[in-house]
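Novice: Numbering (the working numbering), first residue to last: 1 to 417.
Glycine residues also receive a C-beta, built at the ideal position from the N, C-alpha and C atoms.
Below, the structure written as structure tokens:
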């Protein structure tokens, strides 16, 4: 195997998994991870779930144990940014003046939270949410309870953070641009399910509504004025209105972009020697023949593996079915599939929304393209395993059969027909 320096830009799951895969596949050459944050690569899901709720400590956050990098001779350049890429020379320029040569370069630069340019958005107590430091600060602020929290954003992160804030005993109000939270992702009926779950646990909603101004006293936030003129008291304001892929380096280096960095199914970009993985990659998916960009941990995990193997000349395609999960109050939800293919389809429900135990299937031309399980028993067959198998099989399944609870879930699979 030719020994060339592999440089990984980004300190998240995709980058760390790529490094781990390189070593597991026998690559003995130099590997360097360059990360703007001062922390070793870490997982993001716990930041809005177990860690934020105090159910897990910081030992649950790192991708690999602390000593793994030294033991496997993987260099870590933490707290330093990459300021430029020179594809012709195959070098990257670091903010501290260092110039690194590379044989292959992986861009795992993730995404950055959107901000809102509002009067008062620079007040203390106002935050976006993305990093370990964000989660630390928010956990410390929420944990005592008894505070007025205004959540701006009704997507998955906004809803998770609202659930955590309410669980700590805070007074939570959520603003969103949709009439129904999450309706754009899972449709109105299931969006109402999650809204009802939150309302039953004390979360208030203003929908559709947006923030017009943040008020403050002595440099600290005191309230949010909505577009209707309502003043909501606020000790803490969290802006959770989505993220944008971190494409600045790629753009300056001349890589092809479209809602992220465009790649083929093996995560190669338009520039030889440069790969992209994780939130920033808009990858061609073999199943759909279309490009998909996913902001979930499963995509980062699998993308890191694929990019590493492809760099080594191994056959590898990013062909796994997209997956994510959320925990809110007493609801544990898992989702697999392609939201773009499911858009506009009426979900087929197996089980009971009222009992908070059900599976929602989305079909495209009678074929299952996505499925969401809520508090579904994992035995005798995990729901997500069946959902992924149905999506991969691509065979028609009658809606009434999907909804029929008299037959076992495994009876839906093609081999059981």
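Do residue 6 and residue 102 have their CB atoms nearer than 8 Å?
Specialist: Their beta carbons are under 8 Å apart, which means residue 6 touches residue 102 by this criterion.
Novice: Can you tell me whether residue 384 is buried or exposed, with buried defined as 16 or more other CB within 10 angstroms of its CB?
Specialist: buried
Novice: Could you tell me the boundaries of the alpha helix (DSSP H) in which residue 429 lies?
Specialist: With the chain covering only 1 through 417, there is no way to say anything about residue 429.
Novice: Starting from the C-beta of residue 109, find all residues in its chain whose C-beta is less than 7 Å away, skip the five residues before and the five after it, and write them out in chain order.
Specialist: 9, 10, 246, 249, 280
Novice: So what's residue 284 in DSSP terms, helix, strand or just coil?
Specialist: In the structure shown, residue 284 falls within a strand segment according to DSSP collapsed to helix, strand and coil.
Novice: Could you give the residue range of the alpha helix (DSSP H) that holds residue 302?
Specialist: 297-311
Novice: Which of the three DSSP states, helix, strand or coil, is assigned to residue 387?
Specialist: helix
Novice: Hey, would you say residue 13 sits closer than 8 Å to residue 82, going by beta carbons?
Specialist: no
Novice: Straight-line CA distance for residue 393 to residue 165?
Specialist: 41 Å
Novice: Tell me the start and end of each unbroken beta strand (DSSP E) in the stretch 326-361 that is at least 3 residues and wholly inside, in chain order.
Specialist: 331-337, 348-352
Novice: Determine the extent of the beta strand (DSSP E) in which residue 211 is found, giving its start and end residues.
Specialist: 211-217
Novice: For the candidate residues 31, 334, 202, whose alpha-carbon lies nearest to that of residue 297?
Specialist: 334
Novice: Whole angstroms is fine: what's the gap from residue 401's alpha carbon to residue 339's?
Specialist: 22 Å
Novice: How about residue 104 and residue 275: are their beta carbons less than 8 Å apart?
Specialist: Yes.
Novice: Rounded to whole angstroms, what's the CA-CA distance from residue 119 to residue 211? Just pull it up for me.
Specialist: 10 Å
Novice: Across which residues does DSSP place residue 118 in a beta bridge pair?
Specialist: Partner(s): none; residue 118 has no beta bridge.
Novice: Work out the CA separation of residue 312 and residue 1 for me, nearest whole Å.
Specialist: Note that residue 1 has pLDDT 40, beneath the 50 cutoff, so the model's placement of it is unreliable and the number below is only indicative. Cα to Cα, the separation comes out at about 8 Å.
Novice: Could you give the uninterrupted runs of the alpha helix (DSSP H) lying entirely in the stretch 141-176, keeping only those of 4 residues or more?
Specialist: 156-167
Novice: Quick one: complete alpha helix (DSSP H) runs, 4+ long, within the stretch 23-78?
Specialist: Listed in chain order, they are 68-71.
Novice: Buried or exposed for residue 316, please, with buried defined as at least 16 other CB atoms from any protein chain shown within 10 angstroms of its CB.
Specialist: Label assigned to residue 316: buried.
Novice: So which of 309, 268, 189, 150 has the shortest CA-CA distance to residue 231?
Specialist: 150
Novice: How do the stretch 352-368 and the stretch 395-414 stand: do at least 3 beta-carbon pairs fall below 8 Å, yes or no?
Specialist: yes
Novice: How close, in whole Å, do the beta carbons of residue 371 and residue 336 come, if the pair is a contact with beta carbons under 8 Å?
Specialist: 6 Å
Novice: Using CA atoms only, rank isn't needed, just tell me which of 77, 43, 382, 97 is closest to residue 61.
Specialist: 43
Novice: Run through DSSP, which three-state label would residue 189 get?
Specialist: helix
Novice: So the candidates are 115, 177, 133; which of them puts its Cα closest to the Cα of residue 227?
Specialist: 177
Novice: DSSP state of residue 373, grouped into three classes?
Specialist: strand
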